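Chains as they are written, first to last, in my numbering: chain Y, 1 to 425; chain F, 1 to 425.
2 protein chains.
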Amino acid sequence: MNLHRKPIPVTQAIQRVMDSSHVLETEIIDLEEADNRILAEDIVAAHAIPPFDKSPYDGFAIRAEDTCHASKENPVTFKVIEEIGAGHRASRPINSGEAVRIMTGAEIPEAANCVAMFEICQSFEQDGQAYMTIKRTMENDQNIIKRASETAEGTLLTEKGTLVNPGVKALLATFGYANVEVYKKPVVGVFATGTELLDIDQPLEPGKIRNSNAYMVLSQLKRSGAEAIYFGKLADDFESSYKAITEALKEVDVLITTGGVSVGDYDLMPLIYEKLNAEVLFNKIAMRPGSVTTAARIDGQMLFGLSGNPSACYVGFELYAYPYIQKLLKKGSPYHSVVDAYLGSDFGKPNPFTRFIRGFLSYEGGNVVVYPAGMDKSAVVTSLARTNVLIVLKSGTRGYRKGEQVQAVLLEEDRGAKHFELKGK
Amino acid sequence: MNLHRKPIPVTQAIQRVMDSSHVLETEIIDLEEADNRILAEDIVAAHAIPPFDKSPYDGFAIRAEDTCHASKENPVTFKVIEEIGAGHRASRPINSGEAVRIMTGAEIPEAANCVAMFEICQSFEQDGQAYMTIKRTMENDQNIIKRASETAEGTLLTEKGTLVNPGVKALLATFGYANVEVYKKPVVGVFATGTELLDIDQPLEPGKIRNSNAYMVLSQLKRSGAEAIYFGKLADDFESSYKAITEALKEVDVLITTGGVSVGDYDLMPLIYEKLNAEVLFNKIAMRPGSVTTAARIDGQMLFGLSGNPSACYVGFELYAYPYIQKLLKKGSPYHSVVDAYLGSDFGKPNPFTRFIRGFLSYEGGNVVVYPAGMDKSAVVTSLARTNVLIVLKSGTRGYRKGEQVQAVLLEEDRGAKHFELKGK
C-alpha cells in the first residue's frame, strides 16, 4: 500500500468531485409533499395576479363621475342595488347613481370604477330599499387593485433548481400546481467499517466503541435532501466487506463508508477501491481534520470514503459529499454558503494545514462572529452537537487572534440564538 | 361588531401568546427517527470517552522505561508478541522488552505506557519471530489518548430542549441511546376561510382565486416542527363554519384559520370566537402587514386567526404561531433569532406603523446585510418565495436609507447564497 499519498488542496478536491456528473430523473409529486424538494420546472404565471380588478377594502363600488359634484353641502345619494362578498360577482353592470356594497377581495362590478370606503359613506334604508350618500368626490381607479398589477400573465416566477419553501409553495398553489415536477432524490448508501464498532443497542465491551458515525452521516444525509439507506457495519475483513459493498452498489447513486481509508494494516477501503476498479479522485487532502478523506468513481456512481474519526467524518461529508448531493438534486447553487466573519476568540495553535474548526455563529451588532465549539481534538464527538459552521483557518505559522477576519462555512439554520426582542418599543 | 379595535404593540401581542401554557406529553422514539425533534431528557455521559486508553496512531505499544538508553548509537530491540487492531485486545500484559503492534483506535495493552509510531521504528523478522528496534527514548503516556480525556463519566452533554441535529445524533449513538425521549409534536389544524377560494386543482373562475394560504401555512408548520392537519376550506357561512371548527377542536392543540378576521360583513371569525366562548388575547396589532391577526384561547387550546392576505398571513404565522409552537415543543429558545443588520437598499416610504418587510439576508465582508424582497404590497404572494428574513422597520415619519442599521428576524437557513470559494489558495 502506498504510504506516501500526495495531498491536494481542498478547493481542488471539491472541484474533482463536482466535475463528475451523474443525471437523475425527475418525478411528479403532490404539492403537499413538495417541501424542501427542488423544482424541475420553471414556474410561469399561468394567469395575471390579481386575475380581476378587485377591492382592497369594504365599501361601495360606484362610478367616480357620479361624485363630481359631491361635497359637504351637496351630498350625493346612490341606490345600493346589491351586495357582494369575495368570491361572488355582481349580477349586472351598474348604472349612473347606483352602488354595489362590496367586500375586500371581491371583483369590481362592471361599469364601476372606484370604491368608496364605508368610513366616508352614510348608509340608510327607505321603503325597503338601501341607499348611501357620499360627501366628497372620488377619482377614477381609486381604491381598486387593478388586474395584473402584481404579476402579469407569463411572468417567470421562479426557475427550476429552486428549493420549495413556504413562499414557493404559496406560489405553486396560487397558480394551480396540484402536482409539481421535482428532481428525484439521490439514493445514498452508508456503511460503517471497523471491528471495534458496537451497535447502539449493545452494551459497551472492552476495547470497543459504539457506532456513532453512521447515525451522524444518516442525519447529515437527511439534512442534505438525499434518500439514505443504512447497510450496517462491516468488520475489518476484505472478502465480506468487498461483497457487501458490491451488493450495495446495485442500489445506490452514492455510497458512503466511514473508516478504513487510512494507511493502517486494517484499512481496507483502498484495496476495495482497487478491486472495484474505481477511479480514485483523491485520497489525501491538505486539510485537518479529514486529510484521508477519499472520493472514487465507478461509471456514474460516486464513493466517498470518510474518516472513522467523528470530526473528520463530519467535515469530510459537508465539504465533499454535501455539494455533490446538491448537484445531483440539481439545486441552483450546490455549495454551502461561505461567509466572511470575525473570530470571537483566540485560536492559539499555529498549524501547517488549512483547518476546518467546528464552531457556531453569532450575530453581534451587524457583524458576523464565529466561535470555536470547544476543544478541537479531532475525535471529540461532543463538540459536534453545537456545531453550525466550520471555521476556516488557513495554514500558517502563527495562531489566530480574536477579532481577525476568517471565513466560515454555514451548515444549518441558525436556530434561536437570541430571544425575540425588538429594540425600543 | 366592534369596528374600533384597539391596537397593541407587537411585543405585547407576542407576550400574551407566550404567557399561555399548555403541556404536551413526551414520547420515546427510535434514534433513527429523532432528527429535528426536541430532547425531553438530559443526555449524560453513561461512560467515559474514550472508555479506555487508546492509540491515536499505528505503531508499537511498549514500556517507555525500556527506551531510556535508546539512541542512534544504541538501538533497543523489542520482541513483538502480538498484533491488535481496533476492537481487539491484547491477550496478556506486556513485559519488559516486549512490544505489541497496535492500530489506531485499539486499546493500549496492560503494562504498556506509550506508543512508538511506525515511522520511528524498524521492523524485522528472525527465525519466525517479529522484532522492532527503536533509536530514541519515549516518555510515559506519549501517544496515548487517555481514558476519559474527552468526556468524564457523568458529564452533562446536552440538555432537554435541544434540537436533534447530526452532531447531537452522533452523541446519542455514542452513548447507546437506541431510543430517545422527545416532546410530542403539537397537532395543529388549518382551515382556509372565504367563499372566493378555489381548490388548487380547480380551474380559475371569475371573481375567485386559488387557496394558497393554507398550503403556505402547512409548509410553515412543517418547517416549525408541528404535526399539521389540513381541514379544508370554509365558505362564508356562520353555522357550517362554527360546526366545522368545533369538530376540528376535538383533534388539535392549536387551530389556525386564514381569513375572516377583519371587520367586514363576511368576516365570521370574531363571531365564532364569541360563540366558542374563547378568550380573545388580541385582535389588532400595531404592525403592517397583519394588523388584524387574532389570537384566542379556549382552556389549553390556542386559536390563531391569520389574515387572508398572503403576506399578512405569512408574517402573522412567523411572529405569533411559530414561537408558540416552539414553546409547546419545549424548545430551549422558542423564538426566531433577531439580529442587527444593515439595510442593503433604500426603503423610501415613511410609515406610521412598525413594518415587517419580507427580505433576504446577505453576508458581506463580515457584515449582515438585508434586502427587501421586492415590492411590498401586502397581497403580493410572489415575493414571498425569496423571503428568508423579516426586516423590522420601526414606525417613523421618514423612510429608511441604505446602510442604516435595522433588525431582522431570521426565518430559515441561508441556503447557498454564495458559491463555495475559499479565498487565497
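Cβ coordinates follow ideal geometry from the N, Cα and C atoms, glycine included.
Fair warning: this is a prediction, and the values are worked out from it, not measured in the lab.
Asked	Found
Which of the three DSSP states is assigned to Y:N367 in this structure?	strand
Please tell me whether Y:K135 and Y:P75 are closer than 8 Å, where the distance is taken between their beta carbons.	yes
Nearest to Y:S212 by CA position, among Y:P206, Y:G225, Y:L198, is which residue?	Y:L198
Which whole-angstrom value describes the C-beta separation of F:Y131 and F:T174, a residue pair presumed to lie in contact below a C-beta threshold of 8 Å?	Not quite, the Cβ-Cβ distance comes to about 38 Å (not below 8 Å), so this is no contact.
Compare the C-beta of F:I200 with all C-beta atoms of chain Y and state if any pair is closer than 8 Å.	yes
Short of 7 Å in beta carbon distance, which residues of its chain neighbour F:V168, apart from the five on each side in sequence? Order them along the chain.	T158, T162
Do F:I325 and F:V188 come within 8 Å of each other at the CB atom, strictly closer than that value?	yes
Compare the C-beta of Y:L156 against all C-beta atoms of chain F and say whether one is closer than 8 Å.	no
Is the beta carbon of Y:K222 less than 8 Å from the beta carbon of Y:E41?	no
Hey, is F:I357's beta-carbon within less than 8 Å of any beta-carbon in chain Y?	no
What's the gap between the Cα of F:A379 and the Cα of Y:R16?	Residue placement at F:A379 is poorly supported in this model, since its pLDDT is 41, which falls under 50; the coordinates still yield a value, given next. Cα to Cα, the separation comes out at about 46 Å.
Taking the alpha-carbon of F:V409 as reference, which of F:R398, F:G359, F:G399 has the nearest alpha-carbon?	F:G359
Beta-carbon within less than 6 Å of Y:K330's beta-carbon, same chain only, minus the 5 sequence neighbours each way: which residues are those?	I38, G161, Y183
In whole angstroms, what is the alpha-carbon distance linking Y:T387 and Y:M103?	51 Å
What residue range is occupied by the uninterrupted alpha helix (DSSP H) comprising Y:T155?	First-last for Y:T155: undefined, no H or E at that position.
Counting only the same chain and skipping the five closest in sequence on each side, list residues whose C-beta sits under 7 Å from that of Y:P334.	P323, Q326, K327
Might you give, ordered along the chain, the residues of its own chain that have their beta carbon closer than 6 Å to the beta carbon of F:T133, omitting 5 neighbours on each side?	P75, T77, Q122
Using 10 angstroms around the beta-carbon of F:D376, count the other beta-carbons present and answer buried if the total reaches 16, otherwise exposed.	Confidence is the limiting factor: at F:D376 the pLDDT is only 46, short of 50, which leaves the residue's position unreliable, though a coordinate-based value still follows. Burial call: buried.
Spatial neighbours of F:I200 within its chain, please: CB distance less than 6 Å, with the 5 preceding and 5 following residues excluded, ordered by chain position.	R210
Between F:Q338 and Y:A116, what straight-line distance do the alpha-carbon atoms span, to the nearest angstrom?	Sequence inspection shows Val at residue 338 of chain F; the Gln mentioned does not correspond to that position. Looking at the two C-alpha atoms, the distance is approximately 40 Å.
How about Y:V428 and Y:A90: are their beta carbons less than 8 Å apart?	A question about residue 428 of chain Y goes unanswered here, because the residues of chain Y that appear run from 1 up to 425.
Where Y:L234 and Y:N309 are concerned, what is the direct C-alpha to C-alpha distance, given to the nearest angstrom?	16 Å
Judging by CA-CA distance, which residue of Y:G365, Y:N351, Y:G366 is the nearest neighbour of Y:V392?	Y:N351
Could you compute how far the alpha carbon of Y:E110 sits from the alpha carbon of F:G399?	38 Å
Tell me the rounded alpha-carbon separation between Y:G259 and Y:T11.	23 Å
So is F:P270 buried or exposed if we call it buried at 16+ other beta carbons inside 10 Å?	buried
CA-CA distance, F:M18 and F:Y320?	9 Å
If I measure Cβ to Cβ from F:V369 and keep anything under 7 Å in the same chain, skipping five residues before and after, which residues do I get?	A341, Y342, G344, S362
Using the three-state DSSP reduction, which class does F:M103 fall into: helix, strand or coil?	coil
Would you decide whether F:V23 is buried or exposed? Buried here means 16 or more other CB atoms lie within 10 Å of its CB.	exposed
Report buried or exposed for Y:V406, applying the criterion of at least 16 other Cβ atoms within 10 angstroms of its Cβ.	buried
Can you pull the chain F neighbours of Y:V368, defined as C-beta to C-beta under 8 Å?	Y363, G366, N367, V368
What are the boundary residues of the alpha helix (DSSP H) that F:F52 is part of?	F:F52 -> no alpha helix (DSSP H), and no H or E assigned at all.
Examine the ligand NAD and report whether any of its heavy atoms sits within less than 7 Å of the Cβ of Y:D53.	Within the structure as shown, the ligand NAD is missing, as the structure has no ligands at all.
In chain order, what residues of the stretch 205 to 228 of chain Y put their CB closer than 8 Å to some CB of chain F?	P206, G207, K208, I209, R210, N211, S212, N213, A214, Y215, M216, V217, L218, S219, Q220, K222, R223
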